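*Asks:*
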Amino acid sequence: MPTTSAPPAFPYTDQDLARFRETQQLAYDCAEQVAAWIEPGVTERQATAKLRRCLVRAGVQDFFHVPFAWFGDRTAFRHFHTPLQFFAGNRKLQEGMPYVLDCAPVVDGYTADIGYGGKVGDNPVWDRLAQDLKVYRELILREVRARRPLNEVYAAVDAQIAAHGYDNRHRVYPGRVIGHQVTRTTARGPAGVNVFGFGVRTLQTLGRELISARLHGRSPLWADGRASRHAPTPGLWAVEPHIGFREVGIKFEELLVVTEDDAYWLDDDLPHVRRWTHTQEATA
Numbered sequence: 001m002p003t004t005s006a007p008p009a010f011p012y013t014d015q016d017l018a019r020f021r022e023t024q025q026l027a028y029d030c031a032e033q034v035a036a037w038i039e040p041g042v043t044e045r046q047a048t049a050k051l052r053r054c055l056v057r058a059g060v061q062d063f064f065h066v067p068f069a070w071f072g073d074r075t076a077f078r079h080f081h082t083p084l085q086f087f088a089g090n091r092k093l094q095e096g097m098p099y100v101l102d103c104a105p106v107v108d109g110y111t112a113d114i115g116y117g118g119k120v121g122d123n124p125v126w127d128r129l130a131q132d133l134k135v136y137r138e139l140i141l142r143e144v145r146a147r148r149p150l151n152e153v154y155a156a157v158d159a160q161i162a163a164h165g166y167d168n169r170h171r172v173y174p175g176r177v178i179g180h181q182v183t184r185t186t187a188r189g190p191a192g193v194n195v196f197g198f199g200v201r202t203l204q205t206l207g208r209e210l211i212s213a214r215l216h217g218r219s220p221l222w223a224d225g226r227a228s229r230h231a232p233t234p235g236l237w238a239v240e241p242h243i244g245f246r247e248v249g250i251k252f253e254e255l256l257v258v259t260e261d262d263a264y265w266l267d268d269d270l271p272h273v274r275r276w277t278h279t280q281e282a283t284a
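Final position of the sequence shown in full-length UniProt numbering is 284; the numbers increase by one with none missing.
Structural data, given as structure tokens:
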């Protein structure tokens, strides 16, 4: 039977964190380039192809998972019943539609996993959800700093979603995850090759982490079940609260640093944070 042991020491140097931050900035920069290019008539497949090309040109060598794009009600994962429905399809963007771009590039083994929400034209529901996402970023950081078990942090997010009158959409992800650990990939499998949307090196590394973590009563996957009934494990976590209201969904995804006695977001210079700051300044 797995037994809970003392959590591992924080495994990264300041130089490592700088490289993770660079990879995350690269990912968001490419997402913003695609967001500036996107327009009505573009399909999800065209958007993911554009995003992949941008990432590769920027020096990405591999992917934790292939890029995703969701348009319209697919941003809220409506009528999703199988994992295959997460992959980009022929849905065309229309005026007023929300969209989500998701990518997870790897550069020299340093991995990022980001989510970028946007809209084309006017969408007041999206505006409200986009602003309210700020509450979840603050809530998650506060709860993790308090060293609450990960499944309880998940429950606190659920309670806030209910208080807002929204739906929890990250529960539709495989494993119901709101996040997962990110490491520096050290596997020797072929770069750029993916199986079921995940890089071969990712699967090798994740498999080792799952085995090691379970032996110590922990999990690198953050959900609401028994496997997440432990304090936050030191390391880097890709966190993605995903909320929805009717046909509109939105999320952010970014890296959370968890040390032995503290936690902080790896970078505050990100599109959604800048948007909240701009809104706050405009209404001050």
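Beta carbons: idealized from backbone N, C-alpha and C, even for Gly. Keep in mind that this is a model prediction, so the values were computed, not measured.
For a minimum of 4 consecutive residues, which ranges assigned as the alpha helix (DSSP H) are wholly contained in the stretch 110–183?
*Replies:* DSSP runs (the alpha helix (DSSP H)) wholly in the stretch 110–183: 124–145, 150–164.
*Asks:* Run through the DSSP bridge pairs and tell me what Y99 is partnered with.
*Replies:* Note: Y99 sits in a beta bridge opposite F71, G118.
*Asks:* Please report the straight-line C-alpha distance between F87 and L236, rounded to a whole angstrom.
*Replies:* Each residue's Cα considered, the two are about 26 angstroms apart.
*Asks:* Can at least three beta-carbon pairs, one atom from the stretch 26–38 and one from the stretch 86–106, be found at a separation below 8 angstroms?
*Replies:* Segments in contact, yes.
*Asks:* Are the beta-carbon atoms belonging to A58 and Y116 less than 8 angstroms from one another?
*Replies:* No.
*Asks:* For Y264, does the three-state DSSP call read helix, strand or coil?
*Replies:* Three-state DSSP puts Y264 in a strand.
*Asks:* Mind checking who W37 pairs with in its DSSP beta bridge?
*Replies:* Answer is none; W37 lacks a bridge partner.
*Asks:* With H, G and I counted as helix, E and B as strand and the rest as coil, what does DSSP make of E254?
*Replies:* Strand at E254.
*Asks:* Residues in its own chain within less than 6 angstroms of residue 285 by CB, not counting five upstream and five downstream?
*Replies:* Any question about residue 285 goes unanswered here, given that the chain covers just 1 to 284.
*Asks:* Less than 7 angstroms between C-beta atoms, sequence neighbours within five positions excluded: which residues of the same chain meet that for T43?
*Replies:* Around T43: N90, R91, K92.
*Asks:* Quick check: what's the CA-CA separation for E240 versus R52?
*Replies:* So the two alpha carbons sit approximately 20 angstroms from each other.
*Asks:* Which of helix, strand or coil does DSSP assign to D29?
*Replies:* D29: helix per DSSP, three-state reduction.
*Asks:* Taking the CB atoms as reference points, tell me whether I140 and V153 lie closer together than 8 angstroms.
*Replies:* Yes, the Cβ-Cβ distance between I140 and V153 is below 8 angstroms.
*Asks:* Is there contact between the stretch 5–22 and the stretch 36–50, where contact requires at least three CB pairs shorter than 8 angstroms?
*Replies:* Too few Cβ pairs lie closer than 8 angstroms, so no.
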